[in-house]
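S.K.: Each number in my numbering corresponds to the 1-based position in the sequence shown with 2 added.
A virtual CB, placed ideally from N, CA and C, is assigned to each residue, including glycine.
A single structure is presented below for examination.
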Amino acid sequence: MAGIADFEITFPSARRSVREMAAESGLSEDDVRVITTCDSYPVLGEGETEWELALRAAQQVMKRTQVPPSAVRTVIYAGTGEWDKAFWSPAAKVAQELGITGAYCYELTNYCNAVIAALQTGSDALAGREGESVLVLIGDRVSTLLDYGDPTAKEMFNQGDAGGAFLLSSSGTTAEVLGSRLRTDPSWCDYYSGVRDGDGMIIRRNGNRDGLAEAYAENFTTLTTELLASLGRDLTDVAYLLVTHGSRPIHERLLKDLGLPESRSVLNYHRLGHMGAADTFIAMRELITAQKLLPGDLVLHATSALGFSWGVMAMEYRG
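Structure (structure tokens):
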């Protein structure tokens, strides 16, 4: 089966602080900190672009693996669909910069859930194609799409920016992709939407509605149970469950509902906001660096996104 040969996460140079958001929104710093759970987090600085974050990550991965550009036959750029330029392909741009000329390059839009969908799509594409590789890229710039002057948008004030790159291959993997389960509840499709603001776009919540926290808990729990059953595994086999950093209370509730202690997850809320699609892989990289993962460990990635959709992917760490 295919898996991740190597991956890298990159951060921008600037940080957004609670003090700045409080000043712009008119909220107190304590009100903002309830959402962010940290004093500041990484965001794109002046002149920085999301595709360049993805490029930096890809350059490091390609250098470490020594995979030639000619071996990469597919490039998938996963994200929000609101790219750095309109009517433009960031996948093709990164491929050009890397000297990848023989690949099919395209974008996959599913917001913070896009990385799971792209990794599954890329892994499936490698079936029976020995010697080929797929490059999955992520780039988030949600911080640039928020109106910090609108106090009703505070639920999204924890949104940071990050980039990443994942090289998939059928051999020599760091983590084998075992499978995934994804689901969308279309009844939430209009809860958030973008509106044009001059040359840009900002995200607006359309009214207020109860039940989203319950939808998160139900869908994450159901998908985790279904995925483990399909693999012939159960929760006792899970070394770590890594969760999108959209909400610490939801993260903690999921662990409680599944009967997993916090020691079998990674909670970075004290220093990072919701870093888009990169959240769970920031956590996985930290586990690898700290040598907390052992070959054969089962790692679950639980991600979610506007729309609203949820996904859980299972990986076996190879070392």
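What do you get for Arg-143, buried or exposed, if any count of 16 or more other CB atoms within 10 angstroms of its CB means buried?
M.R.: Working through the sequence shown from its first residue, we reach residue 143 at position 141. When all chains shown are included, Arg-143 counts as buried.
S.K.: For Trp-90, does the count of other Cβ atoms within 10 angstroms reach 16, so buried, or fall short, so exposed?
M.R.: Walking along the sequence shown from the start, residue 90 turns up at place 88. Exposed.
S.K.: Within the same chain, show all residues whose beta-carbon is closer than 8 Å to that of Ser-145, passing over the 5 residues directly before and after it, in chain order.
M.R.: On the sequence shown, residue 145 is found 143 positions in, with the first residue counted as 1. Contacts found: Arg-18, Val-45, Leu-46, Gln-161, Gly-162 and Asp-163.
S.K.: Just reading off the alpha helix (DSSP H) that Met-3 is part of, what are its end residues?
M.R.: What you label residue 3 is simply residue 1 of the sequence shown in a count that begins at 1. Here Met-3 belongs to no alpha helix (DSSP H), and DSSP marks it neither H nor E.
S.K.: Taking contact to mean at least 3 C-beta pairs separated by less than 8 Å, is the stretch 114–129 in contact with the stretch 93–105?
M.R.: These segments do not touch.
S.K.: Counting Cβ pairs, one atom from each stretch, are 3 or more of them under 8 Å apart for the stretch 300–319 and the stretch 180–188?
M.R.: Cβ pair count under 8 Å is three or more, so yes.
S.K.: Taking all protein chains shown into account, decide if Tyr-43 is buried (16 or more other Cβ within 10 angstroms of its Cβ) or exposed.
M.R.: The residue given as residue 43 occupies position 41 in the sequence shown. Label assigned to Tyr-43: buried.
S.K.: In terms of residues, what are the limits of the alpha helix (DSSP H) holding Gly-24?
M.R.: Start at 1 with the first residue of the sequence shown, and residue 24 comes out as number 22. It should be noted that the sequence gives Ala, not Gly, for residue 24. Counting along the chain, the alpha helix (DSSP H) containing Ala-24 begins and ends at 20–27.
S.K.: Which value, in whole angstroms, describes the spacing of the CA atoms of Glu-52 and Thr-38?
M.R.: One-based indexing of the sequence shown puts residue 52 at position 50. One-based indexing of the sequence shown puts residue 38 at position 36. Roughly 21 Å separates the two Cα atoms.
S.K.: Where His-272 and Thr-103 are concerned, what is the direct C-alpha to C-alpha distance, given to the nearest angstrom?
M.R.: Within the sequence shown, the letter at position 270 stands for residue 272. Within the sequence shown, the letter at position 101 stands for residue 103. Distance between the alpha carbons of His-272 and Thr-103 is about 42 Å.
S.K.: Touch check for the stretch 265–281 and the stretch 146–153: three-plus C-beta pairs under 8 Å?
M.R.: Verdict: no, contact absent.
S.K.: Between the alpha carbons of Leu-257 and Phe-168, how many angstroms are there, rounded?
M.R.: Numbered from 1 along the sequence shown, position 255 holds the residue referred to as residue 257. Numbered from 1 along the sequence shown, position 166 holds the residue referred to as residue 168. Each residue's alpha carbon lies about 27 Å from the other.
S.K.: Which ranges would you report for the beta strand (DSSP E) in the stretch 119–145 if only whole runs of at least 3 residues count?
M.R.: Those beta strand (DSSP E) runs which fall completely within the stretch 119–145 and span 3+ residues are 135–141.
S.K.: Since Asp-8 and Val-63 should fall inside the 8 Å C-beta cutoff, what is the C-beta to C-beta distance between them, to a whole number of angstroms?
M.R.: For this step, residue 8 is matched to residue 6 along the sequence shown. For this step, residue 63 is matched to residue 61 along the sequence shown. Sure, about 5 Å apart at Cβ, within 8 Å.
S.K.: If you reduce the DSSP assignment to three classes, tell me which class Ser-172 lands in.
M.R.: What you label residue 172 is simply residue 170 of the sequence shown in a count that begins at 1. Reduced to three states, the DSSP call for Ser-172 is coil.
S.K.: Find the nearest neighbour of Met-158 within the set Cys-107, Lys-65 and His-276, judged by alpha-carbon distance.
M.R.: What you label residue 158 is simply residue 156 of the sequence shown in a count that begins at 1. It is His-276.
S.K.: Do you know offhand how far Leu-237's Cα is from Glu-132's?
M.R.: The residue labelled residue 237 in the question sits at position 235 within the sequence shown. The residue labelled residue 132 in the question sits at position 130 within the sequence shown. Approximately 33 Å between the Cα atoms of the pair.
S.K.: Looking at C-beta atoms only, is the number of pairs between the stretch 183–202 and the stretch 217–229 that lie closer than 8 Å three or more?
M.R.: They touch, by the three-pair rule.
S.K.: Is it true that the stretch 237–255 meets the stretch 286–301, where meeting means three or more beta-carbon pairs spaced less than 8 Å apart?
M.R.: Yes, the stretch 237–255 is in contact with the stretch 286–301.
S.K.: Any idea if Gly-278 is buried or exposed, counting beta-carbon neighbours within 10 angstroms, 16 or more meaning buried?
M.R.: Working through the sequence shown from its first residue, we reach residue 278 at position 276. Gly-278 comes out buried.
S.K.: Within the stretch 139–224, note down every full beta strand (DSSP E) run reaching 3 residues or more, in order along the chain.
M.R.: 165–171, 177–186, 194–199 and 202–207, all fully within the stretch 139–224.
S.K.: Assuming His-303 contacts Ile-11 under a Cβ cut-off of 8 Å, what Cβ separation, rounded to an integer in Å, is found between them?
M.R.: Mapped onto the sequence shown, residue 303 falls at position 301. Mapped onto the sequence shown, residue 11 falls at position 9. With a Cβ gap of about 13 Å, His-303 and Ile-11 do not count as contacting.
S.K.: Roughly how many whole angstroms lie between the Cα atoms of Ala-25 and Lys-156?
M.R.: Stepping through the sequence shown from its first residue, residue 25 is reached at position 23. Stepping through the sequence shown from its first residue, residue 156 is reached at position 154. Ala-25 and Lys-156: Cα-Cα distance of roughly 13 Å.
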